[in-house]
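Those protein sequence lines, which keep their order, are chains A and B. This note's numbering numbers the first residue of the first sequence as 5 and each following residue consecutively. This note's numbering numbers the first residue of the second sequence as 964 and each following residue consecutively. Below: one structure, written as structure tokens.
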Amino acid sequence: MTSRRARAVSVGDSIPERELGPISQTDIVRFAGAGGDFNPLHHDAAFAEKAGFDTVIAMGQMQAGMLASWLTDWCGVEYLRELEVRFLAPVRLGALLRLTGAVTGWADLDGTPVAELELRASVGSADVVRGVARIAAVSANGRSAPSPDDGR
Amino acid sequence: MSLVVGDVVDEVAFTVEEGKVGEFARATAALDPVHSDSEAAATAGFTALAATPTHVVVSGHHRDQRAMVAHLGLALERVMVGGVRWRYHRPLVVGDRLRGTRRLVADEQVGGRSGRPPMRRLTLETAFVDAEGATAVEWQETVLERGR
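Written out as structure tokens, the structure reads:
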């Protein structure tokens, strides 16, 4: 597809961590402008208070997008096949986001082996986003089509 | 108007634009130069600057979220996004012309145990189809409405 190679990975490999933040109102407004999410919860403190928050919160798509971009900076955007994220807690102004992830196994996706990864974005000791990704990759142990038993 | 499962919620059509790819890359802290440098993208084998993985979120500019909230009968101040899922068939590049059709695929009541009000959980799916009619990206959103 491209001239870049798929990443060679083994179960247990970690993606180099990324720290982002502290998240500012400017970061949230920049994402709102980029993506077109003008829900007042993300820029209007009075509205956020009415919705039960002490401050505006980031849109989930912002932290999901940061997690996705961090992942594809590592594996190549052309090799991402699936990404699923769940939002566990709101990201408030001032949050320092820490992105971590590791290869947990291999799976089959439409007849092609894909590496599965578990990803998380955390603030302090609490996870705010958890994700699972599947990327086209090759096994670092030299086999091009790893056995589905790898990593079990 | 009130939407039921299976209905089309909205449709958008837009082109993947260079400036918007750059804005979205910066807003999501993407560092790979294939999103910002045409030469790097060409060297990597892309036909044009590559979009970041969640680029189709920019369809927010072409959607009427307030109308969607009204058509689904939701109270905006109680709405949260529970999760998202993406399926990729190919990477998007600048110049791609996309049409996205968003459908309501599930509408459920969940929770409601231990005296707490149940939540309404909606599942929305958008398939982004390119000019050749091939699906490039699929995006599923889970929207939660907290109970009163």
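Glycine residues also receive a C-beta, built at the ideal position from the N, C-alpha and C atoms.
Item, Value
"Is the CB of B/Ala993 under 8 Å away from at least one CB in chain A?", "yes"
"Against chain A, which members of the segment 1069-1086 of chain B pass a CB distance test of less than 9 Å?", "none"
"Are the C-beta of A/Asp154 and some C-beta of chain B separated by less than 8 Å?", "Any reading at A/Asp154 must be qualified, since the residue scores a pLDDT of 47, below 50, and its modelled position is unreliable; the value itself is stated next. No, A/Asp154 does not count as interfacial toward chain B."
"Determine which residues of the segment 80-104 of chain A have a Cβ less than 7 Å from any Cβ of chain B, and write them out in chain order.", "Val81, Glu82, Leu84, Arg85, Glu86, Leu87, Glu88, Val89, Arg90 and Phe91"
"Evaluate B/Ala1014 with the Cβ neighbour count: other Cβ atoms within 10 Å of its Cβ, from every protein chain shown; 16 or more gives buried, anything less gives exposed.", "buried"
"Quick one: list the residues of chain B neighbouring A/Asp41, beta-carbon separation under 7 Å, in chain order.", "Gly1023"
"Counting only the same chain and skipping the five closest in sequence on each side, list residues whose C-beta sits under 8 Å from that of A/Arg156.", "Residue placement at A/Arg156 is poorly supported in this model, since its pLDDT is 39, which falls under 50; the coordinates are not used for a value here."
"Please tell me whether B/Thr1086 and B/Val1092 are closer than 8 Å, where the distance is taken between their beta carbons.", "no"
"So if I threshold CB-CB distances at 7 Å, which residues from the segment 1088-1111 of chain B count as touching chain A?", "none"
"So is the beta-carbon of B/Glu1002 under 7 Å away from any non-hydrogen atom of the ligand SAH?", "Within the structure as shown, the ligand SAH is missing, as the structure has no ligands at all."
"Using 10 angstroms around the beta-carbon of A/Asn43, count the other beta-carbons present and answer buried if the total reaches 16, otherwise exposed.", "buried"
"Between the C-alpha atoms of B/Arg1048 and B/Glu974, what's the straight-line distance to the nearest angstrom?", "19 Å"
"Check B/Val989 in the structure and name its three-state DSSP category.", "First, the residue type needs correcting, since residue 989 of chain B is Arg and not Val in the sequence shown. In the structure shown, B/Arg989 sits in a helix (DSSP, three-state: H, G or I)."
"Let's see if you can read the secondary structure: which residues bound the alpha helix (DSSP H) around A/Phe51?", "Ala49 to Lys54"
"Cα-Cα, which of A/His46, A/Ser7 and A/Val127 is closest to B/Thr1006?", "A/Ser7"
"Going along chain B, which residues have a C-beta under 7 Å from A/Ser7?", "Ala1007 and Gly1008"
"Would you call the CB atoms of B/Glu1040 and B/Leu1012 closer than 8 Å?", "no"
"Exposed or buried, B/Thr1010, counting other C-beta atoms within 10 Å across all chains shown (16 or more means buried)?", "exposed"
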